[in-house]
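Student: Protein chains in written order, with this note's numbering: chain V, 12 to 309; chain Y, 12 to 309; chain L, 12 to 309; chain E, 12 to 309. Next up is a structure, given as structure tokens.
There are 4 protein chains.
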Amino acid sequence: MDRRATLLVTCPDRPGIVATVTTFLYHHGVNILRLDQHSTGSLAKPGLDLPSRPDSLASPGTFFMRIEFETPPVEGARPALEAAFKAVVAERLDMWFSLAWARDLRRVAVLVSKHDHALVELLWRWRQGELPCEMHAIISNHEVARRAAKDFELPFHVVDSSDKARAEAELERLLDGVDLVVLARYMQILSPAFVEKFHHRIINIHHSFLPAFVGARPYHQAHERGVKLIGATAHYVTSELDQGPIIEQDVIRVSHRQDAASLVSLGRDIERQVLARAVRWHLEHRVLVHEGRTVVFN
Amino acid sequence: MDRRATLLVTCPDRPGIVATVTTFLYHHGVNILRLDQHSTGSLAKPGLDLPSRPDSLASPGTFFMRIEFETPPVEGARPALEAAFKAVVAERLDMWFSLAWARDLRRVAVLVSKHDHALVELLWRWRQGELPCEMHAIISNHEVARRAAKDFELPFHVVDSSDKARAEAELERLLDGVDLVVLARYMQILSPAFVEKFHHRIINIHHSFLPAFVGARPYHQAHERGVKLIGATAHYVTSELDQGPIIEQDVIRVSHRQDAASLVSLGRDIERQVLARAVRWHLEHRVLVHEGRTVVFN
Amino acid sequence: MDRRATLLVTCPDRPGIVATVTTFLYHHGVNILRLDQHSTGSLAKPGLDLPSRPDSLASPGTFFMRIEFETPPVEGARPALEAAFKAVVAERLDMWFSLAWARDLRRVAVLVSKHDHALVELLWRWRQGELPCEMHAIISNHEVARRAAKDFELPFHVVDSSDKARAEAELERLLDGVDLVVLARYMQILSPAFVEKFHHRIINIHHSFLPAFVGARPYHQAHERGVKLIGATAHYVTSELDQGPIIEQDVIRVSHRQDAASLVSLGRDIERQVLARAVRWHLEHRVLVHEGRTVVFN
Amino acid sequence: MDRRATLLVTCPDRPGIVATVTTFLYHHGVNILRLDQHSTGSLAKPGLDLPSRPDSLASPGTFFMRIEFETPPVEGARPALEAAFKAVVAERLDMWFSLAWARDLRRVAVLVSKHDHALVELLWRWRQGELPCEMHAIISNHEVARRAAKDFELPFHVVDSSDKARAEAELERLLDGVDLVVLARYMQILSPAFVEKFHHRIINIHHSFLPAFVGARPYHQAHERGVKLIGATAHYVTSELDQGPIIEQDVIRVSHRQDAASLVSLGRDIERQVLARAVRWHLEHRVLVHEGRTVVFN
Chain V
12 MDRRATLLVT
22 CPDRPGIVAT
32 VTTFLYHHGV
42 NILRLDQHST
52 GSLAKPGLDL
62 PSRPDSLASP
72 GTFFMRIEFE
82 TPPVEGARPA
92 LEAAFKAVVA
102 ERLDMWFSLA
112 WARDLRRVAV
122 LVSKHDHALV
132 ELLWRWRQGE
142 LPCEMHAIIS
152 NHEVARRAAK
162 DFELPFHVVD
172 SSDKARAEAE
182 LERLLDGVDL
192 VVLARYMQIL
202 SPAFVEKFHH
212 RIINIHHSFL
222 PAFVGARPYH
232 QAHERGVKLI
242 GATAHYVTSE
252 LDQGPIIEQD
262 VIRVSHRQDA
272 ASLVSLGRDI
282 ERQVLARAVR
292 WHLEHRVLVH
302 EGRTVVFN
Chain Y
12 MDRRATLLVT
22 CPDRPGIVAT
32 VTTFLYHHGV
42 NILRLDQHST
52 GSLAKPGLDL
62 PSRPDSLASP
72 GTFFMRIEFE
82 TPPVEGARPA
92 LEAAFKAVVA
102 ERLDMWFSLA
112 WARDLRRVAV
122 LVSKHDHALV
132 ELLWRWRQGE
142 LPCEMHAIIS
152 NHEVARRAAK
162 DFELPFHVVD
172 SSDKARAEAE
182 LERLLDGVDL
192 VVLARYMQIL
202 SPAFVEKFHH
212 RIINIHHSFL
222 PAFVGARPYH
232 QAHERGVKLI
242 GATAHYVTSE
252 LDQGPIIEQD
262 VIRVSHRQDA
272 ASLVSLGRDI
282 ERQVLARAVR
292 WHLEHRVLVH
302 EGRTVVFN
Chain L
12 MDRRATLLVT
22 CPDRPGIVAT
32 VTTFLYHHGV
42 NILRLDQHST
52 GSLAKPGLDL
62 PSRPDSLASP
72 GTFFMRIEFE
82 TPPVEGARPA
92 LEAAFKAVVA
102 ERLDMWFSLA
112 WARDLRRVAV
122 LVSKHDHALV
132 ELLWRWRQGE
142 LPCEMHAIIS
152 NHEVARRAAK
162 DFELPFHVVD
172 SSDKARAEAE
182 LERLLDGVDL
192 VVLARYMQIL
202 SPAFVEKFHH
212 RIINIHHSFL
222 PAFVGARPYH
232 QAHERGVKLI
242 GATAHYVTSE
252 LDQGPIIEQD
262 VIRVSHRQDA
272 ASLVSLGRDI
282 ERQVLARAVR
292 WHLEHRVLVH
302 EGRTVVFN
Chain E
12 MDRRATLLVT
22 CPDRPGIVAT
32 VTTFLYHHGV
42 NILRLDQHST
52 GSLAKPGLDL
62 PSRPDSLASP
72 GTFFMRIEFE
82 TPPVEGARPA
92 LEAAFKAVVA
102 ERLDMWFSLA
112 WARDLRRVAV
122 LVSKHDHALV
132 ELLWRWRQGE
142 LPCEMHAIIS
152 NHEVARRAAK
162 DFELPFHVVD
172 SSDKARAEAE
182 LERLLDGVDL
192 VVLARYMQIL
202 SPAFVEKFHH
212 RIINIHHSFL
222 PAFVGARPYH
232 QAHERGVKLI
242 GATAHYVTSE
252 LDQGPIIEQD
262 VIRVSHRQDA
272 ASLVSLGRDI
282 ERQVLARAVR
292 WHLEHRVLVH
302 EGRTVVFN
């Protein structure tokens, strides 16, 4: 595992980027395990597009790429590679990149309120080895999750949410050094200032198929409207409620037989799965955000 | 087929309704092929309900039932059964009911604009024997569907939609005697007066997962928001745009690789299937509307 | 909950069965919450059937029904109802029936080997209140599940499987009084004699879409064959390996990107869900076995 | 469209292949629109793999890649590119490749027996522009498909299948110049000699989830076994019945309510979709066959 890494790249599209990056990697003795690339805008015309699509060369589109690779077993290969990539490739191509080594596990904290189903699913997958991270702490404004924290031998902190400013100050202290904050049904709205500090590093699970049923009690809204599918949405948190970039969504079929309470129960299953997939993809460096939407390499 | 019928029933819930109806049918020599019943409200506590659910006896709930049955091969069995059911059962139980014989095929007209994919799917299934109805006419404000009408040997009428009042008057004339109007991507908004004349007898396919992306160009809205699933919704048309009772919905997975034009193309498949299912269920007497939501026995 | 019950019924089809049963229940003051009925054979011609279907009156078909109901809050209502139903209804209609009160929780034991994912899912849902049963014990031929048993505060027994006869004798002792045995990835084949003692009361999860990939290492078989979906099957155990009545199945999409080891990992999710649904439906009295196939009222 | 092309590549894995190919393309003035690459064997350790996976360097694995690109608008760019790629890249890397220009539409013939649903779906999508090919002919051993051929204005040939040798000789004559043969429910087994002439260029739709229910009447087999999902499988035809490389599969949920005739009806929908996807992916150069399994870049 020591030598595995993932490179995420985005920049304005132009010919030769793949060749430039892969030739660079080859000269550093790197072996590419998987490469996934695509472009938007006028240069990219994937098979499904309609012929009527506008194709102005004025807009060059955006290039996205993810590469999993393995460095050679040489002392110092890593800092050399990072410094050289920045100087030789990234700066010349006006490129944003992220280079992550598999052994550098990110630190995760999970925030939860009264319902621990999404939390337990994450912890269970983490113990199975499916989530490559270090579990830092479970934090809640209720006592319910204490049991799960104990079962999984993790630190558990209760932060009283009645005074929001005080609660957020306490949260910030507890989240010091944390790379990813997961809101696994944390029923508090975080302040814009707090959200800004963890830009694209807070993942929330919303219990509806966004943008349907924004806000509170979405299952009751869904029941009221008589929808035939209910869903869940995992997204990065931004300062606008339920408007952040969507990472993953899924749905489950319901019928007139289910009342609002039943929808809540059925919805738990879909919430668990959607959040777990989103967290995993984030930890595996599969997610890029571009113009308010995600690119998910999966 | 001559002796097959479907009974749809709804009334305030109370003990003894199933026994009353089925004993009545038994005494008329009827053989029940399938029975599906459920109730809402405080009397009904299906397995999934949460224990905390309120259970006030003050609200009696609503009873719904669908029965497929076969009458005996006796001359006159049918009018006798209808008259007796009304007098002996329905009036005493304050019951709304619909009694439909399989041999009485309903007349259907399909309205379409420039895209004929949903129309062709309906016609193809109709020819396969999957839609128990008589196809009355294809009506459009464009010429595109003429070819499909010809292939399936059906009358085709073009109604110019530039003058709405005139167009609707012409439509009414063409729809005389029609039981069900299907809007298979008919891109015109019908007036409340027109809709009222076909109360719960107009089915529309909306090309999004309602209530997300109400209104025009939903696939472009979906692309803009970066959703991971796109959907389609078949619903009865009411005077409020895209707010009528939902009959069926489904979704398909999309990714960042698809642009808005690709979503349109992918969406066609899901629109075709969702509309075909909704029309079929309507024609098979599987749909009841109750408080703005459908009960679909399927 | 005290007064809730479920009646499962099967008998040769003939006119009047629904009327007989529901009138009986009405006279006992019972309120029906949900009724689901259907028939096979020549009398039943559901909507989807093709017109060419043979329709000989010589074969009368089989009648199946499930009723959820509520008895009146009267002392002694329950034994009176049971005795009367047997005498007045069941014996006269040559009917098999099962009458189960919601308060009579069934006792469940879970057998597991080295993989505890399906076990943990069951226990988690049980704690959420989704599985109406009493958890009696966790039994294994390995130590892996001890942790889960401890977390959920349940008895844990290790039974050495090296001597099969001895192991089964020990199992029988531990399963005394148990109503349902769940094999949540228990990698031992039980003897026909043992299986016979728990006729249609042992549920197994097989990690393939049966009847594809019977026997050992199904994910490796699936990888070898290059299938595009992998599945799991929950079934009652009979004396023939992987041939018992199927209760539930589901699949998940895979691609050439996954090797056999990845299929194992992906398969865990589908195994968990399929087994949990099957166990739940069994506990909710939704499953009947008829001619080697299940009827699942869901 | 003139300048769009797809390159499919497979060879033994080794470092530097992506760099070599993309640098080559860059020097020919090519713009890459999309690149998808992965490797099997010991060098590839995708995220999902288990830690216990064997990792012997003795087995180098296989490299697969698909590139969509656009050549410069230069006269003669195409033959120059082809010749140079062969000499400079493919031969040195022991590489199999296929280079296909979007404007070179492949010729397709569809063989069908009595059921035309899969045929009509293909033709409808072809007319919509979803299948990039030239439709050469519809061939059948029955008259049923004549109507569809007429509706879509395509040549229709009846080939009597009572004498197999004679029928295949006639087929060969009709298929002269055809690139892809689609068996859209063609209920005849082709001889190994015939299959050999169209190696990996015959796609069949089998109406079950292979390898379950090989051979005749799979829906009846499925009904008999009581499965809860039925499926369809599109695969390349090889000389062993139903054993060729699987391109696509899908399933649909069924219940005890459906008899075998209903499964046939439900199955049609899934057959249509699965075959259409497989044919499309083949025509879009998304499918490679490796060791009896497909690699599908989608």
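Built from N, CA and C at the ideal position, the CB exists for glycine as well. Since we're looking at a predicted model, the values are computed, not measured.
Quick check on residue 299 of chain E - is its C-beta less than 7 Å from some C-beta in chain V?
Tutor: So no, residue 299 of chain E is outside the interface.
Student: Could you check where the beta strand (DSSP E) with residue 117 of chain L kicks off and where it finishes?
Tutor: Element bounds for residue 117 of chain L: 117-123.
Student: Can you tell me whether residue 200 of chain V is buried or exposed, with buried defined as 16 or more other CB within 10 angstroms of its CB?
Tutor: Answer is exposed; the Cβ neighbour count stays below 16.
Student: Using a threshold of 7 Å, state whether the C-beta atoms of residue 158 of chain E and residue 287 of chain E are closer than that.
Tutor: Against a cut-off of 7 Å, the Cβ pair of residue 287 of chain E and residue 158 of chain E comes out as no contact.
Student: Within this structure, are the beta carbons of residue 274 of chain L and residue 234 of chain L separated by less than 7 Å?
Tutor: Cβ distance < 7 Å, so residue 274 of chain L and residue 234 of chain L count as in contact.
Student: How far does the alpha helix (DSSP H) with residue 282 of chain E in it extend, from its first residue to its last?
Tutor: First-last of the alpha helix (DSSP H) with residue 282 of chain E: 271-294.
Student: What does DSSP give as the partner residues of residue 112 of chain V in its beta bridges?
Tutor: Answer is V/16, bridged to residue 112 of chain V.
Student: Just checking: is the beta-carbon of residue 239 of chain E within a distance shorter than 7 Å of some beta-carbon in chain L?
Tutor: Yes, because at least one Cβ of chain L sits closer than 7 Å to the Cβ of residue 239 of chain E.
Student: Exposed or buried, what is residue 126 of chain E when buried is set at 16 or more other beta-carbons lying within 10 Å of its beta-carbon?
Tutor: It is buried - the Cβ of residue 126 of chain E has at least 16 other Cβ atoms within 10 Å.
Student: Drop a sphere of 10 angstroms on the beta-carbon of residue 291 of chain V, count the other beta-carbons inside from all chains shown, and report buried for 16 or more, exposed for fewer.
Tutor: Buried, because 16 or more other Cβ atoms sit within 10 Å of the Cβ of residue 291 of chain V.
Student: Under a Cβ-count criterion, where at least 16 other Cβ atoms within 10 Å of its own Cβ denotes burial, should residue 252 of chain E be classed as buried or exposed?
Tutor: It counts as exposed.
Student: Taking residue 31 of chain L as part of the alpha helix (DSSP H), name the residues at either end of that continuous run.
Tutor: Counting along the chain, the alpha helix (DSSP H) containing residue 31 of chain L begins and ends at 28-38.
Student: So which residues on chain Y does residue 137 of chain E lean against when the C-beta distance must stay under 7 Å?
Tutor: Chain Y residues near residue 137 of chain E: none, gap ~13 Å exceeds 7 Å.
Student: Verify the CB distance criterion: does residue 105 of chain E have a CB-CB separation below 7 Å to chain Y?
Tutor: Not closer than 7 Å to any Cβ of chain Y, the Cβ of residue 105 of chain E fails to qualify, so no.
Student: Note down, in chain order, every chain Y residue with its Cβ under 7 Å from the Cβ of residue 131 of chain E.
Tutor: Ordered by position in chain Y, the residues that pass the 7 Å Cβ test against residue 131 of chain E are 135.
Student: When the distance is taken between beta carbons, is residue 117 of chain Y closer than 7 Å to residue 191 of chain Y?
Tutor: Cβ atoms of residue 191 of chain Y and residue 117 of chain Y: closer than 7 Å.
Student: Going along the chain, which residues of the region 147-178 of chain V sit with their C-beta nearer than 8 Å to a C-beta in chain L?
Tutor: The residues in question are 162.
Student: Interface residues of chain E around residue 128 of chain Y at Cβ under 9 Å?
Tutor: Those are 135 and 139, listed as they occur along chain E.
Student: Please classify residue 259 of chain E as buried or exposed, where buried requires at least 16 neighbouring CB atoms within 10 angstroms.
Tutor: Flag for residue 259 of chain E reads buried.
Student: Alpha carbon to alpha carbon, how far is residue 227 of chain L from residue 90 of chain E? Give it in angstroms, no decimals.
Tutor: Near 52 Å, if we compare the C-alpha coordinates of residue 227 of chain L and residue 90 of chain E.
Student: Please state if the CB of residue 294 of chain E and the CB of residue 144 of chain E are separated by a distance shorter than 7 Å.
Tutor: A contact, by the Cβ cut-off of 7 Å.
Student: Is there contact between the region 260-271 of chain L and the region 95-108 of chain L, where contact requires at least three CB pairs shorter than 8 Å?
Tutor: No contact exists between the region 260-271 of chain L and the region 95-108 of chain L.
Student: Mind checking residue 141 of chain L: buried by the 16 CB within 10 Å criterion, or exposed?
Tutor: Classification of residue 141 of chain L: buried, given that the 10 Å Cβ count is 16 or more.
Student: Count the other CB atoms within 10 Å of the CB of residue 210 of chain V; is the residue buried (16 or more) or exposed (fewer)?
Tutor: That one is exposed.
Student: Which first and last residues belong to the beta strand (DSSP E) in which residue 217 of chain E is found?
Tutor: 213-217 is the extent of the beta strand (DSSP E) around residue 217 of chain E.
Student: Name the residue from E/86, E/300, E/50 and E/224 whose alpha carbon lies nearest to the alpha carbon of residue 75 of chain E.
Tutor: The option with the nearest alpha carbon to residue 75 of chain E is E/50.
Student: So, using beta-carbon positions, are residue 33 of chain V and residue 33 of chain E closer together than 7 Å?
Tutor: Yes, these two residues count as a Cβ contact at 7 Å.
Student: Could you pull the start and end residues of the alpha helix (DSSP H) that residue 230 of chain L belongs to?
Tutor: That run of the alpha helix (DSSP H) goes 229-236.
Student: Is the Cβ-Cβ distance between residue 247 of chain V and residue 278 of chain V less than 7 Å?
Tutor: No; because the gap between Cβ atoms is not below 7 Å, this pair is not in contact.
Student: What are the residues that DSSP puts in a beta bridge with residue 251 of chain V?
Tutor: Per DSSP, none; premise fails for residue 251 of chain V.
Student: Between residue 86 of chain L and residue 15 of chain L, which are expected to be in contact by the criterion C-beta below 8 Å, what is the C-beta distance as a whole number of angstroms?
Tutor: Residue 86 of chain L to residue 15 of chain L, Cβ: 17 Å. No contact.
Student: Taking CB distances under 7 Å as the criterion, tell me whether residue 72 of chain E reaches chain V.
Tutor: Closer than 7 Å: no.
Student: Label residue 184 of chain Y either buried or exposed according to how many other C-beta atoms from any shown protein chain fall within 10 Å of its C-beta, with 16 as the threshold for buried.
Tutor: Looking at its Cβ environment, which holds fewer than 16 other Cβ atoms inside 10 Å, residue 184 of chain Y is exposed.
Student: What residues from chain Y crowd round residue 223 of chain V, counting only those whose CB sits closer than 8 Å?
Tutor: What residue 223 of chain V touches in chain Y: 220, 221, 222 and 223.
Student: Please list, in chain order, the residues of the region 19-33 of chain L that have any C-beta partner in chain Y closer than 7 Å.
Tutor: For the region 19-33 of chain L, which is checked against every Cβ of chain Y, the residues closer than 7 Å are 26, 27, 29, 30 and 33.
Student: Report buried or exposed for residue 38 of chain E, applying the criterion of at least 16 other Cβ atoms within 10 angstroms of its Cβ.
Tutor: Residue 38 of chain E should be labelled exposed.
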